[in-house]
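Step one of this worksheet: look at the structure below.
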Amino acid sequence: MFLEIKDLSVKIENKNILKSLNLNVNKGEVHAIMGPNGSGKSTLANVLAGKEDYEILDGKINFKDNDLFDLNIEERAQEGMFLAFQYPVEIPGVNITPFLHSAINSKRKRMNEEEIDNLSFAKLLKSKASDLGINIDMLKRSVNTGFSGGEKKRYEILQMSILNPDLAILDETDSGLDIDALKIVTDGVNKLKTKDNSFLIITHYQKLLDYIKPDYVHVMVNGSIVKSGGSEIAAEIEKDGFQKFQ
Amino acid sequence: MNIQDNYLKNKKNIFFSENKDIQTHREKLIKIFENDGFDKKNNESLKNINLKNFIDFKYRYLISEETSVINNNQENNYSIVSVNGQCSSFKDDKIEITKIIDEDYNDFSKNETIENNDHFVNLNSLFLNSGFKIVIKKNNNISIKISNIITDDDLTIFQKNNYICEEGSSLNLIEEYENKNNSTSNILNVIKLEKNSQLNHFLIQDNSPYHNLIITSHSSCKKDSTYTQKVYNFSEGYVRNFHYSELIEANSEADLQGIFFLKDNNLSNNKTFVKHLAEDCKSNQVYKGILNDSSKATYFSNTHVDQVAQKTEGYQLSKGILLSDNASYFSKPELKIYADDVKCSHGSTIGPIDENAIFYLRSRGMSKIAATKILISSFINEELSSIDNEQMSEIIQKKLVRYLSKVK
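Protein chains in written order, with the numbering used here: chain A, 1 to 246; chain B, 247 to 654.
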């Protein structure tokens, strides 16, 4: 199994958020997780990425034959996990280009691959940015600083396409995007999709799933997955809301 | 030994001791010490320091003959090696350097605005044993680099320097303090900017844990003049940076900036004070600190706007990153405004490094330590990228890398 989450229970500040959550993702699959506000979707994304604010009460997560809890945040990223943030953090003074260059090389180093030199990286970055309709001038700016909501999300997808992860977790990437930006972002995701990588897409709305076709849709309510199935579930939610799953 | 006994015992080695006016002045200073009783609660110059080291000291001074002034003959660059606070005399058509002992005391020593309140400045006046005066002649544009060397352990340097930028002149001044001796330097720089002159003053402080540096400056700016001061404190020993500016004529500017990098049990006291005494003047006071381990810093910033100083713009900012739970940074901004048409602001942000930013960078594969270092560098990026002197920029970058190598 590529990603296996078994009986995962998690709390933060004495509040149980995830309760015996189970989820299996195979290589090449796209899974969508839908759920109402406060159901624990973002917590799941953060726990997978390794955020240290949470207390793991029970359960196991296996990722590419590793016990995920044995890996720290950066080791998970270097192993091929990528979280596209719901609210990307602004980091003034840290320039995008050297930051991304350093990020890709840290991954290559762990994989015992040769580091990418400045020139090759600049070419790669330029071409990926152009694919996503990102202005080259934006690459001279500090990470997420002064970006609009749409620019931040586009920039997350740019990072994803540069780092080429095995498992990409998109945490409400559609929020705050207008329809044109949504199309650019989802096109970027679709271009990355291969039989060797997997996607976990967290969203409130079916709209995103019109552009990225999921193999499985899961409904998450109150910290657990209460229903799993195909795209028809997304249509059901769009029509009737989450009420009937609660 | 108390201050009076110390002074009387060493009087013959202290500058201007034979001058009656000076004797009277110094007697007054001794009285201030006695009457004040070192009231730590109400005197900012005394807060958070171990006073005993500075009051109950053994006076020792050595005159060195190794000072030098070199005119590099290229684009008006001068290099000065100041040894134990002394500098050789020098004169050409652009600058004139004289020893303080050859100066007229009355011209040199009166700093009524800061004396009385600041005991370290008073100590400087009382035990004065070194210093020099540099005049940048009218309409010249020059650069000076001063290396301040202390030759021996247990020296007590009380140094007063006078910088005068004559009308239309421009000076780029780099001062390096990199001393490894177990000594104390108490330095007062009195800086006068005449009309339409400019001084860019860089102070690089990188002393060993055994060296105490107390540096005070008092600058005054006449019409259309600009004083910019940038302090980079990498010292492992105690450093006190107290810098006062007076904007005495219209359209003058003072920009007082500092960055300090502290670790272990180090302490740094900082103060900037700008007095707006004329119309249409601007000031900027920005100090940033990075504090690791059990280090401690204070920063008092003050803007005083006189009632005649309309159209003033005065800004203050203090920022600090605490890399350890045991580090502390006390910041106190103050504004006193007596004019009604002014733009003034102050702000202070001190806290640990942003955990969300660390998480974000780590989630892209960067190690925690690399993420921490990149965030520290970004915290001061604006100040570092604004250094337009390549040599300075390289020096600061090297010292920053050294500091970051100790961050765990």
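Backbone N, C-alpha and C define an ideal beta-carbon position, used for all residues, glycine too.
Since this is a predicted model, take the numbers as computed values, not measurements.
- prompt: Which runs of the beta strand (DSSP E) fall wholly inside the region 10–97 of chain A and span at least 3 residues, in chain order?
  reply: Taking only runs of at least 3 residues, the beta strand (DSSP E) segments lying wholly in the region 10–97 of chain A are 15–25, 30–34, 55–63, 81–84, 91–95.
- prompt: Is there at least one Cβ from chain E nearer than 9 Å to PHE85 (chain A)'s Cβ?
  reply: Absent here is chain E; the protein component of the structure consists of chains A and B.
- prompt: Out of B:ILE249, B:ASN296, B:THR549, B:PHE507, which has the shortest C-alpha to C-alpha gap to TYR478 (chain B)?
  reply: B:PHE507
- prompt: Shorter than 9 Å from the beta carbon of ASN294 (chain B) to some beta carbon of chain A?
  reply: no
query: Between GLN250 (chain B) and the rest of its own chain, which residues show a CB-CB distance below 7 Å, the 5 nearest in sequence each way excluded?
result: ILE276
- prompt: Quick one, which of B:VAL653, B:PHE519, B:GLU273, B:LEU449 has its alpha-carbon nearest ASN418 (chain B)'s?
  reply: Comparing Cα positions, the closest option is B:LEU449.
- request: Give a yes or no on whether the C-beta atoms belonging to PHE520 (chain B) and ALA500 (chain B) are separated by under 9 Å.
  value: Just to set this straight, residue 520 (chain B) is Val in the shown sequence, not Phe. Less than 9 Å divides the Cβ of VAL520 (chain B) from the Cβ of ALA500 (chain B).
query: For the ligand COA, any of its heavy atoms closer than 8 Å to the Cβ of ASN375 (chain B)?
result: Looking at this structure, you won't find the ligand COA or any other ligand, since it has none at all.
query: Within the 9 Å Cβ cut-off, does ILE104 (chain A) reach chain B?
result: yes
task: Determine the direct distance from the alpha carbon of LYS123 (chain A) to that of ASN453 (chain B), and round the result to whole angstroms.
output: 45 Å
field: Under 9 Å between C-beta atoms of PHE366 (chain B) and ASN432 (chain B)
entry: yes
query: For LEU254 (chain B), is the classification buried or exposed, using 16 other Cβ atoms within 10 angstroms of its Cβ as the cut-off for buried?
result: exposed
- request: With DSSP as the reference, please indicate the residues paired to PHE576 (chain B) in a beta bridge.
  value: B:THR544
task: Give the straight-line distance between the Cα atoms of LEU502 (chain B) and GLY40 (chain A), rounded to the nearest whole angstrom.
output: 49 Å
Residues of the region 162–185 of chain A whose Cβ lies closer than 8 Å to any Cβ of chain B, in chain order: LEU163
query: Got a sec? Which residues, its chain only, sit under 6 Å from ILE410 (chain B) by beta carbon, not counting five neighbours each side?
result: VAL381, LYS438
query: How many angstroms separate the CA atom of GLU559 (chain B) from the CA atom of LYS528 (chain B)?
result: 5 Å
query: For a contact meaning CB atoms closer than 7 Å, what does ILE73 (chain A) contact in chain B?
result: PHE605, ARG608, SER609
- prompt: What alpha helix (DSSP H) runs, 4 residues minimum, are completely inside the region 445–487 of chain B?
  reply: none
query: Straight-line CA distance for ILE583 (chain B) to GLY593 (chain B)?
result: 16 Å
task: Taking the CB atoms as reference points, tell me whether LYS51 (chain A) and ILE17 (chain A) lie closer together than 9 Å.
output: no
field: Under the three-state DSSP convention, the category MET160 (chain A) falls into
entry: helix
- prompt: Rounded to whole angstroms, how far is the Cβ of LYS60 (chain A) from the Cβ of LYS11 (chain A), which I believe are closer than 8 Å?
  reply: Their Cβ separation, rounded to whole angstroms, is 17 Å, which puts LYS60 (chain A) and LYS11 (chain A) out of contact at 8 Å.
- prompt: So is ILE620 (chain B) in contact with chain A if we call contact Cβ pairs under 9 Å?
  reply: yes
field: Assigned secondary structure, THR145 (chain A) (DSSP; H/G/I helix, E/B strand, else coil)
entry: The DSSP-derived three-state label of THR145 (chain A) is coil.
Limits of the beta strand (DSSP E) - the one that ALA168 (chain A) falls within: Its beta strand (DSSP E) spans residues 167–171.
Residue from A:ASN105, A:TYR155, A:ASP67 with nearest C-alpha to GLU4 (chain A): When each option's Cα is compared against that of GLU4 (chain A), the closest is A:ASP67.
message: Please tell me whether GLU115 (chain A) has its Cβ less than 9 Å away from any Cβ of chain B.
response: no
query: Run through DSSP, which three-state label would ILE249 (chain B) get?
result: helix
task: Could you list which residues in chain A have their beta carbon closer than 9 Å to that of GLU499 (chain B), in chain order?
output: Per Cβ cutoff of 9 Å: no residues; GLU499 (chain B) is ~25 Å from chain A at best.
Residues that LYS51 (chain A) contacts on chain B, provided the C-beta gap is smaller than 7 Å: Within chain B, the residues near LYS51 (chain A) are PHE605.
message: Starting from LEU417 (chain B), trace the beta strand (DSSP E) in both directions and tell me its first and last residue.
response: 416–423
- request: Closer than 7 Å by C-beta to ILE347 (chain B): which residues in its own chain qualify, once you throw out the five before and the five after it? Chain order, please.
  value: PHE261, listed in sequence order.
field: Where the beta strand (DSSP E) containing GLU525 (chain B) begins and where it ends
entry: That residue, GLU525 (chain B), is in no beta strand (DSSP E); it is neither H nor E in DSSP.
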